[in-house]
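16 is the number of the first residue of the sequence shown in the working numbering; add one for each residue after it. Built from N, CA and C at the ideal position, the CB exists for glycine as well. Here the structure is a predicted model, which means the values were calculated and not measured.
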Amino acid sequence: LPLTSVIVRSSVNIATGGQTRISCFIHGVFLLTTVMFFPALLNTIPLATLAAILIVTGFKLAGIPLFKQMWKSGRNQFVPFVITIIAIVLTDLLIGLLVGMGVAIFFILPASLKLPARRVVEKGSDGDILKIELVNRVSFLNRASLMKTLHEVPNGTQLVIDASSTVYIDPDIINSITDFEKQTAPARDLKLSLVGFKDQQ
């Protein structure tokens, strides 16, 4: 119950207009007050009622639009998502989450073993241009390899990081590339251009 009720409390908080951290604090104060001073009253609530609330909330959170969104995200996102739901329904929350994490790792690892980018040298009017083309999916596991590739670029190079063929980039990767663009590139006199990142923001 403590695990499953977290998302319910958060959903109620958002649905009733909570937008800041103070709403979470007030919510917690009400919850603590109720548990401390009215435990007997809480015990009179039938578990079937709580189960019904969880079912309705879960259906709202995992409705048809979410399934469509996960389907559009590709097999690597959709399969772990569906298997996690099935495992939770057939077993319990913790076992279902562990099964889902295991399946997700199975899908993530093969892609992570591949190089996250391909180096291409093109001729430009002002000299050679080094283009680093990112692969279809770049996860957080690719961060070390990608940053090693970027730091190996010689100083003063015309550099293009191309994500036009990339479907998914982990937010941590985007933050690392942004830091590289704002800090490392100017310090090393790199003429850096980013291509295809608007769809990844």
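Query	Result
Bounding residues of the beta strand (DSSP E) (the contiguous stretch that carries D177)	Q173 to D177
N91 versus D194 - alpha carbon distance	28 angstroms
T99, buried or exposed, once every other Cβ within 10 Å from all chains shown has been counted against 16	buried
Per-residue DSSP class, three states only, for A132	strand
Complete runs of the alpha helix (DSSP H) confined to the stretch 42-94 [at least 4 residues]	54-58, 62-76 and 79-87
Cα-Cα separation, T172 to P201	11 angstroms
Beta bridge counterpart(s) of E148 as assigned by DSSP	R133 and D177
Neighbour-count burial assignment, P54, 16 or more Cβ in a 10 Å radius	exposed
Distance, A132 Cα to L165 Cα	10 angstroms
Terminal residues of the alpha helix (DSSP H) in which L161 lies	R158 to H166
S208 (DSSP reduced to helix, strand or coil)	strand
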